[in-house]
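A.B. asks:
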Amino acid sequence: MSLNMVIAGFGGQGILFAGKIVAYSGLIDGKEISWLPSYGPEMRGGTANCSICISDKAIGSPLVTTPNVFIAMNGPSFDKFINSVEPGGIVIVESSLINKKVERDDVKVSYVPASALAEENGLKGLANIILIGKLFKEFGFSSEEALYKAVEKCVPAKKAHLIEANKKALELGMNS
Amino acid sequence: MAERFLMKGNEALAEAAIQAGCRHFFGYPITPQTELAAYMSKKMPKIGGTYLQAESEIAAANMVLGASAAGVRAMTSSSSPGISLKTEAISYMAGSDVPALIINVQRGGPGLGGIQPSQADYWQATRALGHGDFHILVFAPATVQEMVNLVSTAFDLGDKYRMPAMILADGMLGQMMEPVELPEATETQAAPKTWAVDGHEFKRERNVVNSLYLTPNDLESRVKARFERYENIKQTEQRAEEYLTDDADIVVVAYGASARVAHSAVDLARAQGIKAGMVRPITLWPFPTNIVQKVAKTAKQFLCVEMSMGQMIDDVKLSINCSKPVNFYGRTGGIIPTPAEICEEIKILEGAK
Chain W
22 MSLNMVIAGF GGQGILFAGK IVAYSGLIDG KEISWLPSYG PEMRGGTANC
72 SICISDKAIG SPLVTTPNVF IAMNGPSFDK FINSVEPGGI VIVESSLINK
122 KVERDDVKVS YVPASALAEE NGLKGLANII LIGKLFKEFG FSSEEALYKA
172 VEKCVPAKKA HLIEANKKAL ELGMNS
Chain L
792 MAERFLMKGN EALAEAAIQA GCRHFFGYPI TPQTELAAYM SKKMPKIGGT
842 YLQAESEIAA ANMVLGASAA GVRAMTSSSS PGISLKTEAI SYMAGSDVPA
892 LIINVQRGGP GLGGIQPSQA DYWQATRALG HGDFHILVFA PATVQEMVNL
942 VSTAFDLGDK YRMPAMILAD GMLGQMMEPV ELPEATETQA APKTWAVDGH
992 EFKRERNVVN SLYLTPNDLE SRVKARFERY ENIKQTEQRA EEYLTDDADI
1042 VVVAYGASAR VAHSAVDLAR AQGIKAGMVR PITLWPFPTN IVQKVAKTAK
1092 QFLCVEMSMG QMIDDVKLSI NCSKPVNFYG RTGGIIPTPA EICEEIKILE
1142 GAK
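Which chain is which? The protein sequence lines are W and L, in order.
With this note's numbering, the residue at position 69 of the first sequence is 90, and numbering never jumps.
With this note's numbering, the residue at position 246 of the second sequence is 1037, and numbering never jumps.
Written out as structure tokens, the structure is:
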């Protein structure tokens, strides 16, 4: 099944990076993929979102308007995208930062207190990756091997010491 | 097979230019093109190339004119308002018969407009990129891989015909990441540029690269000679891709980003039993008139889809002498149409036949 995903939150939460890991996982599996960021005046503290598609077929529009997966990392993004999710879609809510509940009953929702989990486990700043771990459990967008390889590929060489922490965050999310 | 990796369109354009032997980049930052210049600023100094951020777009484009006149592969890149500033120098390049690569990662206009993706510079690119009688080659990639492939094509054909070439992209293609395979680096240049002003060392006649011809007869004969070259290019360099056109009643014509969306819309329409197809121009100048004409023999009507108020539609109508209805659907100002919107339009046309 194709993945048409939107991940959204504050700038600085690693929205684009998390999206890149998902995209690379699909690439490593030999799928067609696209990754499209919101761009412009967004910066740390502003809003950021990213569309990711993984498919067996060539991807038409990389701009996802009716996602079948939505990860919300802050309140404004939750409000902006929640009603665009395809019926039957998967919604993952960063519940340390979003107090709201999803009022729709036609989507599958997981609430993950990712920031709190990250803090408790010495993985500060990796809430985004915890949520990707959770998504992997809910919607196997790639093989597990590809997912871990994608982390190795996406963490820049200068920060190679963080690869293990990222993998730990993925596992934490998978088991949350 | 070479490894496929993820690259942003803007960065892929830059790397492809380097692989094609370009070592001279002159630019000025502007969203949504800046990653291209940023990539060049990191890479060029490491490989003995020149990255120069000029004091303005006008200066950058004139530096390209100078470098190209000296016979090297040179390029500049910008987004819509910046391209407007470069048009004077591009006209000089055309008038001086020098090749160069110009990349336009379009954003909404007119004026400063916005920074979101647009295709509203079609007329500018294909009709009036500066003053005077002239054309430039215009290529419209629709994927990041095609951006890579068309960069070397644009350099090669620019050299071959001694004229500027443009890649007309948009903010969506520039910003998105897709898998790409980069070609092996080729240093193979076209035929030696015997016309270049690169120092005669008293061993040959001096070359002159100039666009000033004060005698009307001189100027007219030069322009006419150039237009003979254009005629030849029109016959030989048209490129387009057809999708399900063989039995299509309604043929969508779209390029670049909107062609991706239209492709999905055609699939949606087919799933509902509507015989839809698509022609995707890859060269915008020369416009793929031959392919549109061929399709017009069987198609009942056309639908142009653009991220503008309707510009390429003129070329579709001209190509077929308005022999079939040519309809239009577009969004502008930085809005990307959705496949559902376009499919709805196809359904309306199907119902109205």
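Glycine included, every Cβ here is placed at the ideal spot set by N, Cα and C.
With a threshold of 8 Å between beta-carbons, can L:Gln824 be considered close to chain W, or not?
C.D. replies: Chain W contact via Cβ: absent.
A.B. asks: Please name the residue, chosen from L:Val942, L:Ala1050 and L:Met866, that lies closest to L:Pro1130 on a Cα-to-Cα basis.
C.D. replies: Looking at the Cα atoms, L:Ala1050 is the closest of the given residues.
A.B. asks: Output the boundary residues of the alpha helix (DSSP H) element that contains L:Leu1010.
C.D. replies: Residues Pro1007 to Thr1027.
A.B. asks: Give the list of continuous alpha helix (DSSP H) stretches no shorter than 4 residues that lie fully inside the segment 824–878 of chain L.
C.D. replies: Those alpha helix (DSSP H) runs which fall completely within the segment 824–878 of chain L and span 4+ residues are 825–834 and 848–860.
A.B. asks: Taking only beta-carbon positions, decide if L:Ile1127 is within less than 8 Å of chain W.
C.D. replies: So, interface residue.
A.B. asks: CB-CB under 8 Å to L:Tyr830, same chain, minus the five flanking residues each way: which ones, in chain order?
C.D. replies: Correct list, in chain order: Asn801, Glu802, Ala805 and Glu806.
A.B. asks: What do you reckon, are the CB atoms on L:Val935 and L:Met798 nearer than 8 Å?
C.D. replies: The answer is yes: Cβ separation under 8 Å.
A.B. asks: Mind checking L:Val999: buried by the 16 CB within 10 Å criterion, or exposed?
C.D. replies: Exposed, because fewer than 16 other Cβ atoms sit within 10 Å of the Cβ of L:Val999.
A.B. asks: List the endpoints of the continuous alpha helix (DSSP H) containing L:His815.
C.D. replies: Where L:His815 is concerned, there is no enclosing alpha helix (DSSP H), although the beta strand (DSSP E) it sits in stretches over His815 to Gly818.
A.B. asks: On the three-state DSSP scale, how would you describe W:Leu168?
C.D. replies: It is helical.
A.B. asks: Three or more C-beta pairs closer than 8 Å, one from the segment 839–850 of chain L and one from the segment 893–904 of chain L: is that the case here?
C.D. replies: Because the criterion of three Cβ pairs below 8 Å is not met, the segment 839–850 of chain L and the segment 893–904 of chain L do not touch.
A.B. asks: In terms of DSSP beta bridges, what is L:Gln966 paired with?
C.D. replies: For L:Gln966, which the question treats as bridged, DSSP gives no partner whatsoever.
A.B. asks: Is the CB of W:Leu48 under 8 Å away from at least one CB in chain L?
C.D. replies: True, the Cβ-Cβ gap to chain L drops below 8 Å.
A.B. asks: What residue ranges within the segment 58–142 of chain W form continuous alpha helix (DSSP H) runs of no fewer than 4 residues, ordered along the chain?
C.D. replies: Here the runs fully enclosed are 96–102 and 135–141.
A.B. asks: Find the nearest neighbour of L:Val855 within the set L:Leu827, L:Met884, L:Ser832 and L:Ala828, judged by alpha-carbon distance.
C.D. replies: Nearest C-alpha to L:Val855: L:Met884.
A.B. asks: Take W:Cys175 as the anchor and find which of L:Lys1108, L:Phe796 and L:Gly1121 has the nearest alpha-carbon.
C.D. replies: Minimum Cα distance to W:Cys175 is reached at L:Phe796.
A.B. asks: Between W:Gly32, W:Ile28 and W:Ala139, which lies nearest to W:Lys41 when the distance is taken from Cα to Cα?
C.D. replies: The shortest C-alpha separation from W:Lys41 is found at W:Ile28.
A.B. asks: Hey, L:Met863 and L:Arg814: beta-carbon distance below 8 Å or not?
C.D. replies: The sequence given here has Val at residue 863 of chain L, not Met. Result yes, Cβ atoms of L:Val863 and L:Arg814 sit closer than 8 Å.
A.B. asks: Counting pairs of Cβ atoms below 8 Å between the segment 1036–1053 of chain L and the segment 1004–1017 of chain L, do you hit three or more?
C.D. replies: Verdict: no, contact absent.
A.B. asks: Considering only their Cβ atoms, is the gap separating W:Met94 from W:Glu115 smaller than 8 Å?
C.D. replies: Yes, they are a contact pair.
A.B. asks: Thinking C-alpha only, which one of W:Pro97, W:Arg125, W:Gly109 and W:Leu57 is nearest W:Val85?
C.D. replies: Selected option, being the one with the closest Cα: W:Leu57.
A.B. asks: Quick one, which of L:Val1086, L:Ala982, L:Ile1126 and L:Phe1078 has its alpha-carbon nearest L:Met1103's?
C.D. replies: Closest option to L:Met1103, Cα to Cα, is L:Phe1078.
A.B. asks: Please identify the residue among L:Ser1002, L:Pro974 and L:Tyr819 whose C-alpha is closest to the C-alpha of L:Leu843.
C.D. replies: Ranking L:Ser1002, L:Pro974 and L:Tyr819 by Cα distance to L:Leu843 puts L:Tyr819 first.
A.B. asks: Does the Cβ of L:Pro955 have 16 or more other Cβ atoms within 10 Å, making it buried, or fewer, making it exposed?
C.D. replies: It is buried - the Cβ of L:Pro955 has at least 16 other Cβ atoms within 10 Å.
A.B. asks: With DSSP collapsed to three states, give me the class of L:Ile1127.
C.D. replies: Of the three classes helix, strand and coil, the one that applies to L:Ile1127 here is coil, per DSSP.
A.B. asks: Check whether the Cβ of W:Pro83 lies closer than 8 Å to any Cβ atom in chain L.
C.D. replies: Yes, W:Pro83 lies at the interface with chain L (some Cβ there is under 8 Å from its Cβ).
A.B. asks: Taking any Cβ of chain W, which residues in the segment 948–980 of chain L have a Cβ under 8 Å from it, in chain order?
C.D. replies: The segment 948–980 of chain L vs chain W, Cβ under 8 Å: Gly962, Met963, Gln966, Met967, Met968, Glu969 and Pro970.
A.B. asks: Considering only the alpha carbon of each residue, which of W:Ile49, W:Phe31, W:Lys129 and W:Ser23 lies closest to W:Lys75?
C.D. replies: Residue identity check: residue 75 of chain W is Ile in the sequence provided, not Lys. Per the Cα distances, W:Ser23.
A.B. asks: Let me know the secondary structure DSSP gives L:Ala987 once reduced to three states.
C.D. replies: Three-state result, L:Ala987: coil.
A.B. asks: Taking the alpha-carbon positions, what's the L:Glu972 to L:Gly840 distance?
C.D. replies: Near 23 Å, if we compare the C-alpha coordinates of L:Gly840 and L:Glu972.
A.B. asks: Taking the Cβ atom as the reference point for each residue, do L:Thr867 and L:Phe817 lie within a distance shorter than 8 Å?
C.D. replies: Yes, Cβ-Cβ distance for L:Thr867 and L:Phe817 is below 8 Å.
A.B. asks: Exposed or buried, L:Pro901, counting other C-beta atoms within 10 Å across all chains shown (16 or more means buried)?
C.D. replies: So L:Pro901 counts as exposed.
A.B. asks: So what does L:Ala933 bridge to, in DSSP terms?
C.D. replies: Per DSSP, none; premise fails for L:Ala933.
A.B. asks: Ordered along the chain, which non-local residues of its own chain (more than five positions away) have a Cβ less than 8 Å from that of W:Ser55?
C.D. replies: Within the same chain, W:Ser55 has close Cβ partners Ala44, Ser72, Ile73, Cys74, Ile80 and Pro83.
A.B. asks: Against L:Val1052, what residues of chain W qualify as contacts under a CB-to-CB distance less than 9 Å, listed in chain order?
C.D. replies: Correct list: Gly81, Ser82 and Leu84.
A.B. asks: From the DSSP output, which residues share a beta bridge with L:Met957?
C.D. replies: In the DSSP output, where bridge partners are listed per residue, L:Met957 has L:Ile893 and L:Val929.
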